[in-house]
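Q:
Dropping the structure here:
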């Protein structure tokens, strides 16, 4: 007996049909990222996605940036970490608005998390918005957050072989910051080798060595931010030619 | 492991397209430069698909060159109607 409606017909052999779909797996994230990008552009907000391994100095770089640029920009920060509000607390103490996103088991931020955080943060027109991703050189590379530029931060203590080890991350970078240059005399970090690897993955990408601690070269970081804000640099016009 | 989040996107996408119909197999295309490890995705798929209409479905991965990462097709149980 047919189990569907109880008629007297014998049950049919289960047959299947194949339906073609052809849709990118990250289509939903990418649509939301575009929505974020459009809504930020409408309010002339410049958003940058900061990615690095844990401890490279993203938060320290942002603390210094807040302190140095507060006179000319409203700086807002979305902080991503698995747990704690340590980083958002640091940014607030530095004088900027910040929202902490805890990803729990998650290893990266996605467009939905940034979208929700933006509703809470509500950055004003013309703001400089930093999204500090979860410390991780793998997963964050795959997720568009609606930013205008992606910045990868490494520190000299991590070693100069990171680009080839983490090609996806360096392949999407609009700027590569090499932090902690004040420690260069104490570590075997070959800056030329590092730059060569980074540019093999992202031709023409600017590699910017600086020290958040001493302030060496931070003016070049601020010049990059101004370029992105004026849409002269970053993803809007492709990577700039390196120095 | 980003494969978990990407597999959740896959299951959501299939669920949206198949609205409650029983799914036998899901075919995806994963490029060698996509940043996704097919074995990790297969591991996540069974866990994420459990207790959804996709439970028990097979995941077929077509590996290719490049950074493609897409849902190709879905094999569904044909809905029978009594004559």
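Protein chains in written order, with the numbering used here: chain A, 301 to 543; chain B, 3 to 85.
From the three backbone atoms N, C-alpha and C, an ideal C-beta is built for every residue, glycine too.
#1: Indicate the three-state DSSP secondary structure (helix, strand or coil) for residue 339 of chain A in the structure shown.
#2: For a cutoff of 8 Å on Cβ pairs, would you count residue 73 of chain B as touching chain A?
#3: I want to know whether the segment 44 to 54 of chain B touches the segment 72 to 80 of chain B - three or more CB-CB distances under 8 Å.
#4: Between which two residues does the alpha helix (DSSP H) containing residue 2 of chain B stretch?
#5: Can you tell me whether residue 456 of chain A is helix, strand or coil according to DSSP?
#6: Tell me where the alpha helix (DSSP H) around residue 498 of chain A begins and ends.
#7: Of the choices A/344, A/458, A/331 and A/512, whose alpha-carbon is the least far from that of residue 491 of chain A?
#8: Measuring only the C-alpha atoms, how far is residue 6 of chain B from residue 340 of chain A?
#9: Could you compute how far the alpha carbon of residue 16 of chain B sits from the alpha carbon of residue 435 of chain A?
#10: Against chain B, which members of the segment 439 to 453 of chain A pass a CB distance test of less than 9 Å?
#11: Could you check how far apart the C-beta atoms of residue 345 of chain A and residue 426 of chain A are, in whole angstroms? I think they sit under 8 Å.
#12: Name the residue from B/43, B/23 and B/59 whose alpha carbon lies nearest to the alpha carbon of residue 31 of chain B.
#13: For the structure I just gave you, are there three or more beta carbon pairs, one from the segment 394 to 413 of chain A and one from the segment 361 to 368 of chain A, closer than 8 Å?
#14: Is it right to say residue 521 of chain A is buried, meaning 16 or more other beta carbons lie within 10 angstroms of its own, or is it exposed?
#15: Helix, strand or coil: which one does DSSP assign to residue 530 of chain A?
#16: Output needed for residue 320 of chain A: all residues of its chain with C-beta closer than 6 Å, excluding positions within five of it in sequence on either side, in chain order.
#17: So residue 416 of chain A is in the beta strand (DSSP E); what residue range does that whole segment cover?
A: So, from the listed chains and residues:
#1: It is helical.
#2: With a threshold of 8 Å between beta carbons, residue 73 of chain B makes contact with chain A.
#3: no
#4: Residue 2 of chain B is absent from the model: chain B starts at 3 and stops at 85.
#5: helix
#6: 491 to 501
#7: A/458
#8: 29 Å
#9: 31 Å
#10: Only those residues of the segment 439 to 453 of chain A whose C-beta falls short of 9 Å from the nearest C-beta of chain B are listed: 439, 440, 441, 442 and 443.
#11: Their Cβ separation, rounded to whole angstroms, is 7 Å, which keeps residue 345 of chain A and residue 426 of chain A in contact under 8 Å.
#12: B/43
#13: yes
#14: buried
#15: Three-state DSSP puts residue 530 of chain A in coil, outside helix and strand.
#16: none
#17: Run containing residue 416 of chain A: none in the beta strand (DSSP E); it sits in the alpha helix (DSSP H), 411 to 421.
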